[in-house]
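A short write-up of the structure that comes next.
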Amino acid sequence: MENLIVQKYGGTSVGSFERIEAVADNIANTHKKGNDVVVVLSAMAGETDKLIQLAKSIQPEPEPREYDALISTGEQISVALMAMALTKRGIKSKSYTAYQLGIKTNDRHSQARILEVNVDRLKDDLSEGSVPVITGFQGMTEGGDITTLGRGGSDTTGVALAVALNANQCEIYTDVEGVFTTDPRICPKAKLIERISFEEMLELSSTGAKVLQLRSVEYASKNNMPIRVLSSFKEGNGTLVCEEGNDMEKPVVSGISSIDNEAKLTIRGVPDIPGVAAKILGPISDSDIDVDVIVQNISAENNTDFTFTVKQEDASRAKEILENTSKSLGGGLIELDDDIAKISIVGRGMRGQSGIASKMFESLADNEINILMITTSEIKISVVIRKDLQEKAVNALHNAFELDKD
Ligand code: ASP
Ligand code: MG
36 MENLIVQKYG
46 GTSVGSFERI
56 EAVADNIANT
66 HKKGNDVVVV
76 LSAMAGETDK
86 LIQLAKSIQP
96 EPEPREYDAL
106 ISTGEQISVA
116 LMAMALTKRG
126 IKSKSYTAYQ
136 LGIKTNDRHS
146 QARILEVNVD
156 RLKDDLSEGS
166 VPVITGFQGM
176 TEGGDITTLG
186 RGGSDTTGVA
196 LAVALNANQC
206 EIYTDVEGVF
216 TTDPRICPKA
226 KLIERISFEE
236 MLELSSTGAK
246 VLQLRSVEYA
256 SKNNMPIRVL
266 SSFKEGNGTL
276 VCEEGNDMEK
286 PVVSGISSID
296 NEAKLTIRGV
306 PDIPGVAAKI
316 LGPISDSDID
326 VDVIVQNISA
336 ENNTDFTFTV
346 KQEDASRAKE
356 ILENTSKSLG
366 GGLIELDDDI
376 AKISIVGRGM
386 RGQSGIASKM
396 FESLADNEIN
406 ILMITTSEIK
416 ISVVIRKDLQ
426 EKAVNALHNA
436 FELDKD
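If you read the sequence shown in my numbering, its first letter stands for residue 36, the second for the next number, and so on.
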């Protein structure tokens, strides 16, 4: 069998007719070199946002089934246009929706998980020298309803097809050159990373790095499918996200991520007795609200303060729930603060090495950045700070851990 490459292109990569033509040239080149190519596309840049606005202008909380039926349509436009652009170049090509192909998911609309991918038709096409172009982001339930995979979900479609086809390479084309040590828009000294382990990429994606959808990294890691992140605008080798190899460096800190879309909730003066944390967080998670960082203070006079963060969009709902909990627990005031940012440093070299946290905290202290909350995992340390200090903190830590050096 020939070399089989899955290429996924993001929204900005196919954001205009000129871009679609440029991407078609890239696909044509790969194909002419004798590779089998399967293409996965996002909607043209901004299209999905527009569709979401349309839905919300009819119904603020649209029916999940109809919402997915609508917001999945952007991808259908780009794949058909791309198949035309390839055909124009003398390359056989057919577009497919997830429905036509049979990309089965569970029925959690807007957050669906892929369960099964049928690639029979794709294999037939490839054997005829054709280039199939598939809608990213979409799936279908067992019962035949259209689902979507969450924002940025085309990455996951790309990886899932690469796995199902046992592809030699999974390339994800975007508008940046690859994965950087931190967001170059925040820190101009950010450097392109040549190779990074799945484990580190998982931590970076789950703490704010937006280059790959978290689910796509989980899927790739579980199935050991390396991903090469590349720019469709600029030539280069990009970043290889893969299983940790013995030959791979183990930097103490590989990357720094940050987010500013969480809010901090504090419930004051709750009794310091067994079961209180469960009573506070139980109703929050029952309402499908994800809790991130949690801190319980040392108690004074048998009372304690309990603080945790949630996504900003869930904050007012969480506050209402907390107010009820507070009444039943005999607790005090609820405070909501959405003026915060969370900064995380991630690196496999952190494992078993002491002193990393203190180095992080010293660097923040030197820059007069106050830490509001701290949380750690084996290869990650996160701090919550004031939002207006986000940029300063990222730059300070990037310098402190010398991420701009080779
Ligand atoms: N078009 C979808 C979005 O904007 C999926 C994707 O681009 O990956 O989120
Ligand atoms: Mg994306």
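Think of the CB as a built atom: it goes at the ideal place given N, C-alpha and C, for glycine as much as any other residue.
If you're wondering where the values come from, they're calculated on a predicted model, not measured in any experiment.
For residue i, the residue or residues it bridges with in DSSP
i      : result
Glu370 : Thr301
Gly290 : Val381
Ser412 : Lys415
Met175 : Lys139 and Ile181
Phe341 : Ile302 and Gln331
Pro167 : Lys129
Asn346 : Correcting the residue type first, residue 346 is Lys in the shown sequence and not Asn. Glu297.
Phe215 : Leu227
Lys43  : Val75 and Ile207
Beta-carbon spacing of residue i, residue j below 8 Å
i      : j      : result
Val198 : Met260 : yes
Ile378 : Ile420 : yes
Val305 : Tyr254 : no
Thr360 : Lys314 : yes
Val168 : Val74  : yes
Thr384 : Pro286 : One point to set straight first is that residue 384 is Gly, not Thr, in the sequence displayed. A contact, by the Cβ cut-off of 8 Å.
Pro99  : Ser145 : yes
Ala298 : Asp373 : yes
Val58  : Ser48  : yes
Phe268 : Val252 : no
Asp84  : Thr183 : no
Asp71  : Leu161 : yes
Ile291 : Thr216 : yes
Asp190 : Leu247 : yes
Beta-carbon contacts of residue i that lie in its chain and below 6 Å, excluding the five residues immediately before and after
i      : result
Gly271 : Glu212
Ile375 : Lys299, Val419 and Lys422
Val152 : Ile138, Ala195 and Ala199
Leu368 : Arg303
Between the CA atoms of residue j and residue i - distance to the nearest angstrom
i      : j      : result
Gly442 : Lys245 : Shown here, the chain extends from 36 to 441; a query on residue 442 therefore has no answer.
Leu116 : Glu82  : 14 Å
Ser417 : Leu89  : 37 Å
Glu206 : Asn338 : 54 Å
Glu101 : Ser92  : 14 Å
Cys222 : Leu200 : 38 Å
Met79  : Gln111 : 10 Å
Asp180 : Ser107 : 12 Å
Gln204 : Ile40  : 5 Å
Ser165 : Lys127 : 5 Å
Ile406 : Ile414 : 19 Å
Asn296 : Gly69  : 45 Å
Gly365 : Thr342 : 17 Å
Val326 : Leu316 : 8 Å
Glu284 : Lys226 : 16 Å
Ser393 : Ile294 : 22 Å
Lys123 : Ala63  : 11 Å
Thr192 : Gly171 : 5 Å
Ile228 : Gly273 : 8 Å
Ile319 : Ile356 : 7 Å
Gly185 : Asp307 : 39 Å
Beta-carbon contacts of residue i that lie in its chain and below 7 Å, excluding the five residues immediately before and after
i      : result
Met395 : Ile380, Ile416 and Leu432
**Request:** Please list, in chain order, all residues with a C-beta atom less than 6 Å from at least one heavy atom of the ligand MG.
**Result:** Gly45, Gly187 and Asp190
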